[in-house]
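As you go down the protein sequences, you meet chains U, B, L and A in turn. Okay, so the first sequence: first residue is 33 according to our numbering, each after it adds one. Okay, so the second sequence: first residue is 33 according to our numbering, each after it adds one. Okay, so the third sequence: first residue is 33 according to our numbering, each after it adds one. Okay, so the fourth sequence: first residue is 33 according to our numbering, each after it adds one. Here a beta-carbon is modelled for each residue, glycine too, at the ideal position from N, C-alpha and C. Remember, it's a predicted structure, so these values are computed and weren't measured experimentally. A short worksheet on the structure shown next.
Number of protein chains: 4
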Amino acid sequence: MVHAGNFRQNVPRASLGAIVDADFDLAKSAGRELEIDHCFSSLEEALERASFDAVCIASPTFTHRDLVTAAAREGKHILCEKPMAITLEEADEMIESAHTAQVSLQMGFMRRFDPVFSAAKEHIDGGEIGSPMIVRSLTRGPGLPPRWACDMRTSNGMLAEVNSHDFDTIRWLAGSEYERIHAEANTLKCFDLKEEFPDFYDNAVVTLRMKKGSLGIIDGSCPVGYGYDARAEVLGDEGVMFIGDLEHTAVITCTKSTGLVASNFPGWRERFREAYIAEARHFVECIIDEKAPAVTGEDGRRALEGVLAANRSIRTGKPVNLPLEGD
Amino acid sequence: MVHAGNFRQNVPRASLGAIVDADFDLAKSAGRELEIDHCFSSLEEALERASFDAVCIASPTFTHRDLVTAAAREGKHILCEKPMAITLEEADEMIESAHTAQVSLQMGFMRRFDPVFSAAKEHIDGGEIGSPMIVRSLTRGPGLPPRWACDMRTSNGMLAEVNSHDFDTIRWLAGSEYERIHAEANTLKCFDLKEEFPDFYDNAVVTLRMKKGSLGIIDGSCPVGYGYDARAEVLGDEGVMFIGDLEHTAVITCTKSTGLVASNFPGWRERFREAYIAEARHFVECIIDEKAPAVTGEDGRRALEGVLAANRSIRTGKPVNLPLEGD
Amino acid sequence: MVHAGNFRQNVPRASLGAIVDADFDLAKSAGRELEIDHCFSSLEEALERASFDAVCIASPTFTHRDLVTAAAREGKHILCEKPMAITLEEADEMIESAHTAQVSLQMGFMRRFDPVFSAAKEHIDGGEIGSPMIVRSLTRGPGLPPRWACDMRTSNGMLAEVNSHDFDTIRWLAGSEYERIHAEANTLKCFDLKEEFPDFYDNAVVTLRMKKGSLGIIDGSCPVGYGYDARAEVLGDEGVMFIGDLEHTAVITCTKSTGLVASNFPGWRERFREAYIAEARHFVECIIDEKAPAVTGEDGRRALEGVLAANRSIRTGKPVNLPLEGD
Amino acid sequence: MVHAGNFRQNVPRASLGAIVDADFDLAKSAGRELEIDHCFSSLEEALERASFDAVCIASPTFTHRDLVTAAAREGKHILCEKPMAITLEEADEMIESAHTAQVSLQMGFMRRFDPVFSAAKEHIDGGEIGSPMIVRSLTRGPGLPPRWACDMRTSNGMLAEVNSHDFDTIRWLAGSEYERIHAEANTLKCFDLKEEFPDFYDNAVVTLRMKKGSLGIIDGSCPVGYGYDARAEVLGDEGVMFIGDLEHTAVITCTKSTGLVASNFPGWRERFREAYIAEARHFVECIIDEKAPAVTGEDGRRALEGVLAANRSIRTGKPVNLPLEGD
């Protein structure tokens, strides 16, 4: 719905053609809200019966491969939410299908379009802090994940669902690929989910060694009670950079009983509102202007490979070298 | 252009009908950029030859009275930029004309729609800091004002052109009307403008005593080299609140030669981008839903009265009681 | 006790000789705590019976003249708390007595020794923000003043007791003397004190016009519930400077129910702990090294004159020109 | 000299008895500055010829074992700088010698006495953010380490010399002991030191798994150009806490060419000035009041064990379980 609303209200060069949700009632209710008549319960049906140039896929991870390849076969351009897929084989198939059909395949790493993160990237590329030596990226979210995201078989777990962005951010800001990854994880809040899904974890720390020599740190935790938190810190050989903070609105109050108080971001919708709009506009502009998107299927595949390596490190207790061979 | 662009891109319930600028070439160039064919060099012409429901007036202050009354006569709803007018008589005439025509007259105090200021207002109304005792509001802008804004006869000077917002903010946040106003002003940068316009000043400090007893402080300065600055601070009998800050983007760098560095707002476009969009949406929603706007001609008149009192205090060196009688 | 403790613990070149308090039991209890045997209930007695080179006077304002002149007559160097005196005549007498006796008379404007304020002064003098155009200084304190400080006859009220520092700070940072002062004041919390002391006020806003053309703003409020607050802001013709903030300790927590929270300064002891130590060290060093102190009786007299002008403006409703003639 | 100066100026219950430095000229010059006559080039000599109750040891790590055991044999109380020793065997010997002699052995983890860190610890113990899940602690320093600190045989390298504090902080804030440690390190600045000392590294990231289940992150880098940086971040199951920041003095300036600028801490002397004083006072009070110090030899040994495990992980490329068996 975030994407659909943005395409409708904030992307003047695009119009919304159809809504698809496996739950047809949900599709219809979204359609009413967005004033769209064409509502379907499957992408196949939409591809057959409605007319449009591009699709935006925001369904559970385990459905991405089939949806992307189906859309590509029909010549539709694709904006696919992260994480890209469950396995590298799926990711390869998706990239191949888009390539064959000559359609755009853009991955939903919207942080690259966030005013804060993109300003930071510009500063780094401009040499303000020298060469990155240590890049830290973290994501913590307030909401309990849906059940399919707790099951490693349908989701690759928290590092995939929540921290995919951090894997992408570290590659992007460090300007280098993963060489070796180590991870520690533990369940410190959702003990009942751990019982049901033995591989489940709700806290993780990942160390990355990048090919060019820099080091990366990811820390993830979900759910966290205090709100949504996505920040990065880059130590370069000439300075340090802090990217993002927790403050939501620049209103600070101070009373005797509270001390100094500011509001923090309640969720990702508030934190990345502008980023999602910019991402959607970029998607449409790239299609119209026939340009390659700034975040590609290859980027999605790389982040997936990082997640898979970290999960393997958690399972085996050992660092994992990349590229992966047989997971 | 800020308004026109917003109505076109960010207000789905409205569409842009015509562009008017006394400089017809400018009107046409804006029309090309905004993909509008109907371009005129006078509102009269537009009223005659184009079809629309509402106008947005962003011309110099001394033109507001004629444009507003002309639009009202033709039954157009009106969003009028601040400051409202040059004299209270003009303001009264504008209010009366809108009342007679039963059209909406909304004043462009966009801070009331800014996420930061409106969150602050909610906190205050929710009692978080108790009753306001001292309200400080300031505006400092980077740009040299246009010549007509340096001439008191066509503009009422900096307190009108730059600090109108502060006069409105203090009334709004204090929840009270002006009782007495004192101002000191001086020219500390633009000595050549002072020579040309003897009443010119580029720095001012205004003290306000409000009817309910609270005190207000306005400080204005224009041009200031460092960027755009609009903040408020409210001291209540149970706490204090800071509204807005200078930080533009949440990226902080630190190097040996610079220390900790963040970017500040370069101008009002960046600081109040969201406020202008919300203001435009509110204007259109009020028209469609037949509601009174949140900021009315009466608010514009009050702020104007405050400005006139402050200018009189600067001239006479004495505090001025309100309401004004004969300026 | 703040001063006594600092001289004992933090000024290696000085030792504490005697304690004087009109309440002899208090003097003795302080003596026990500070391990000082010589305790007296009057300065006269101390001057007669104990041996020391200098005195630190922190008694109520209306006692300063007699204590300072008595100490000076005995050749003692003097650190005198602000505000200096009740009248300009008293101040003149104090300055004259120190001059005649050739003793040091240092005024207790400890902000000049605060690491934050003194760093700011250095930056300004270094030209970082150009020439000061508007200087704002504020002080708000948490505690209800003692009864003698509510009575204008024994104290000159809040602007003297609380905001003397701001009068000094504005002169110091603007590098200029007062030319004209206007003030508005009101009672918005302590309505019972207002009944007992008709001239009482607990909120005030002062506008200052300085001889070199810059403008000043003082805002004072006491008591304020939220803690102690002393900040300044200097707008120069090339930039702006913020001096001091509310954050007491660099620990920030964030939970769902609280948002982002930091602790603020509970009182002046915490805010200016280092400043008081530096002030005491400066006092002792100036005596030993026979240098003039950085803050003199003349500075105390100027601030007093500012306070008197502001109080006269409150009484008369008119701006007051300086220097004062007959109050 | 930091310790010596503090004991002399800021610890009223102690006095400085003698100065020892292997470089006798340095000892004498320090003695002149601190007004101490008793200067020696070895602790043995000082123990023989001067009279004192306690020693403060701030010499290179590889000398700690001999100095501590010698002082203990003579019944002197000991404040020993971190890191404690080169090997666990040395640490055990030091603990044993102090135990046998019944003298106090306090380790120089001064962060525990820092107002910021100790306020944070109180908040955590008070339950403000729930149980710690992830604790991050980092230290980055501006100065090139002395040569002996670049040699793993005489120092255990950067993780010992710079990041010992972080190992202690994580144990302290997490309230738990190390269970498993993994580290990645690299040389990204001092390529010439790497050539000379093959085990040298100037950047490291350490992941810790604590016995109670929480995770820890240490990141270290030295030298960094931008100044001194020591911060921590604790994610609890009910909130998050940020401990410390980079801002040195609460003065912020903004000009067009610089943006918003604040000063950062140039070095540890400025950042932990108060912590060192509080540490010295605690040491003396514990001796006089016959209490155990808050940071003991056992704490020093634990941090050393963490450092040794991290170094072993760097060498072997594998996580290391604790307690260590044979390094």
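Would you say residue i lies against chain A (beta-carbon separation less than 9 Å)?
{"i": "P177 of chain B", "result": "no"}
{"i": "D359 of chain B", "result": "Residue placement at D359 of chain B is flagged as unreliable, the pLDDT there being 49, under the threshold of 50; a coordinate-derived value is accordingly withheld."}
{"i": "E311 of chain L", "result": "no"}
{"i": "M142 of chain L", "result": "no"}
{"i": "C222 of chain B", "result": "no"}
Going by DSSP, what residue range makes up the alpha helix (DSSP H) through residue i?
{"i": "V309 of chain B", "result": "For the record, residue 309 of chain B in the displayed sequence is Ile; it is not Val. Per DSSP, I309 of chain B belongs to the alpha helix (DSSP H) from R305 to I320."}
{"i": "V339 of chain A", "result": "G329 to T348"}
{"i": "S196 of chain L", "result": "S196 to A206"}
{"i": "N38 of chain A", "result": "V34 to Q41"}
{"i": "L48 of chain B", "result": "That residue, L48 of chain B, is in no alpha helix (DSSP H); it is neither H nor E in DSSP."}
Need the endpoints of the beta strand (DSSP E) that residue i sits in, please.
{"i": "A264 of chain U", "result": "D261 to G268"}
{"i": "E211 of chain B", "result": "Y210 to N218"}
{"i": "I89 of chain B", "result": "A86 to I89"}
Is any beta-carbon of chain B found at less than 9 Å from that of residue i?
{"i": "S295 of chain A", "result": "yes"}
{"i": "M273 of chain U", "result": "yes"}
{"i": "Y210 of chain A", "result": "no"}
{"i": "P298 of chain U", "result": "no"}
For residue i, name the three-state secondary structure that DSSP assigns.
{"i": "V352 of chain B", "result": "strand"}
{"i": "A326 of chain B", "result": "coil"}
{"i": "D251 of chain L", "result": "strand"}
{"i": "E279 of chain L", "result": "strand"}
{"i": "I127 of chain L", "result": "helix"}
{"i": "L66 of chain U", "result": "helix"}
{"i": "A82 of chain A", "result": "coil"}
{"i": "L58 of chain A", "result": "helix"}
{"i": "A117 of chain A", "result": "coil"}
{"i": "D359 of chain L", "result": "In this prediction, D359 of chain L has a pLDDT of 48, which is less than 50 and means its spatial position is unreliable; nothing more can be read from the coordinates."}
By the criterion of Cβ-Cβ separation under 7 Å, what are the contact partners of residue i in chain U?
{"i": "L247 of chain A", "result": "E216, N218, N235 and V237"}
If the cut is a Cβ gap below 7 Å, which residues of chain A does residue i touch?
{"i": "R241 of chain U", "result": "E216"}
Please confirm whether any heavy atom of the ligand FAD lies closer than 8 Å to the CB of residue i.
{"i": "A310 of chain L", "result": "The model on display carries no ligand, and the ligand FAD is accordingly not part of it."}
Is residue j closer than 9 Å to residue i when the C-beta atoms are compared?
{"i": "V272 of chain B", "j": "I161 of chain B", "result": "yes"}
{"i": "L356 of chain B", "j": "R344 of chain B", "result": "yes"}
{"i": "A342 of chain L", "j": "I275 of chain A", "result": "no"}
{"i": "C88 of chain U", "j": "I118 of chain U", "result": "no"}
{"i": "P115 of chain A", "j": "R212 of chain A", "result": "no"}
{"i": "D7 of chain B", "j": "L170 of chain B", "result": "A query on residue 7 of chain B cannot be resolved here, the shown segment of chain B reaching from 33 to 359 and no further."}
{"i": "R40 of chain L", "j": "L66 of chain L", "result": "yes"}
Under 9 Å between C-beta atoms, does residue i make it to chain U?
{"i": "M165 of chain A", "result": "yes"}
{"i": "A279 of chain L", "result": "Per the sequence shown, the amino acid found at residue 279 of chain L is Glu instead of Ala. By this cut-off, E279 of chain L is an interface position."}
{"i": "H114 of chain B", "result": "Sequence inspection shows Lys at residue 114 of chain B; the His mentioned does not correspond to that position. Chain U contact via Cβ: absent."}
List, in chain order, every chain U residue whose beta-carbon is nearer than 8 Å to that of residue i.
{"i": "T171 of chain B", "result": "What T171 of chain B touches in chain U: nothing, since even the nearest Cβ is about 16 Å away."}
{"i": "A151 of chain B", "result": "T281, V283 and S295"}
{"i": "S253 of chain A", "result": "M165, I166 and L267"}
For residue i, which residues in chain B fall below 9 Å Cβ to Cβ?
{"i": "G63 of chain L", "result": "Within 9 Å Cβ-Cβ: nothing; G63 of chain L doesn't reach chain B, min ~39 Å."}
Quick one: list the residues of chain L neighbouring residue i, beta-carbon separation under 8 Å, in chain order.
{"i": "T147 of chain A", "result": "Checking the sequence, you will find Pro at residue 147 of chain A rather than Thr. Result: T281."}
Answer with yes or no whether the minimum CB distance from residue i to chain L is below 9 Å.
{"i": "R40 of chain A", "result": "yes"}
What in chain L is Cβ-close to residue i, meaning under 9 Å?
{"i": "K226 of chain B", "result": "Chain L residues near K226 of chain B: none, gap ~11 Å exceeds 9 Å."}
{"i": "I89 of chain A", "result": "Here the premise fails: no neighbours, minimum Cβ distance about 24 Å."}
Using the beta-carbon of each residue, which ones in chain A are nearer than 8 Å to residue i?
{"i": "C71 of chain L", "result": "Those do not exist, as C71 of chain L stays about 20 Å from chain A at its closest Cβ, beyond 8 Å."}
{"i": "Y258 of chain B", "result": "C286, T287 and K288"}
In chain E, what lies closer than 8 Å to residue i by C-beta?
{"i": "H155 of chain L", "result": "No chain E appears in the structure shown, which is made up of the protein chains U, B, L and A."}
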